[in-house]
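So the sequence shown is numbered by this note's numbering: it starts at 35 and just counts up by one. We put the beta carbon where it would ideally sit given N, CA and C, even for glycine. Encoded as structure tokens, the structure appears first; notes follow it.
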Amino acid sequence: MKRKIKNAAVRYRAAAIGTAAFLMLADSTTAYASGISQSKLATGTEKLIADATTWLMVLAPVVAGLLIIYFCIRRSAADEMDQKKWNNRIVVAIVSCIGAVLGSATLNIIIGYYQ
């Protein structure tokens with residue numbers, strides 16, 4: 035008795051899934067869209083990236099300058115071993131600033147082609 039009920043339930047589920055799949059495939063509606071480039075999501079994302087890269091080109095040198103000033107102050111109060119570490123940190127701050135400015139400028143140029 036339990037086996038018959040279980041088999042019937044399995045067949046019922048299979049039939050329900052098959053019917054639902056058929057109805058989804060049979061009800062096809064053609065939709066025409068203007069493309070993703072005209073959507074608010076695409077244009078808003080372009081504007082967001084353009085604004086973020088502009089701010090990054092301004093903020094990166096300012097933050098790097100403040101960090102370099104802080105590192106120089108700390109280097110002046112350090113002993114010889116620690117001065118090497120602070121010198122390395124100053125170099126890393128300079129290289130990171132250059133990388134951030136070049137990266138944001140490159141993104142700005144690339145986004146400029148899509149407008």
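Give every residue of the same chain whose Cβ lies closer than 6 angstroms to the Cβ of residue i, excluding the five residues on either side of it in the sequence, and list them in chain order.
| i | result |
| --- | --- |
| R123 | F105 |
| R108 | W120 |
Go through its chain and collect everything with a Cβ distance to residue i's Cβ below 8 angstroms, but skip five positions before and after it.
| i | result |
| --- | --- |
| I83 | L141 and I145 |
Specify, as a first and last residue, the run of the alpha helix (DSSP H) that residue i falls within.
| i | result |
| --- | --- |
| S138 | E114 to Y147 |
Quick one: residues in its chain with C-beta nearer than 7 angstroms to the C-beta of residue i, no 5 flanking neighbours on either side, listed in chain order?
| i | result |
| --- | --- |
| Y148 | E80 |
Could you tell me the distance, in whole angstroms, from the CA atom of residue i to the CA atom of residue j?
| i | j | result |
| --- | --- | --- |
| G78 | A111 | 48 angstroms |
| A49 | L90 | 58 angstroms |
| A139 | T87 | 7 angstroms |
| D113 | K74 | 57 angstroms |
| G137 | V97 | 16 angstroms |
According to the Cβ coordinates, are residue i and residue j closer than 9 angstroms?
| i | j | result |
| --- | --- | --- |
| I128 | I102 | yes |
| V135 | A94 | yes |
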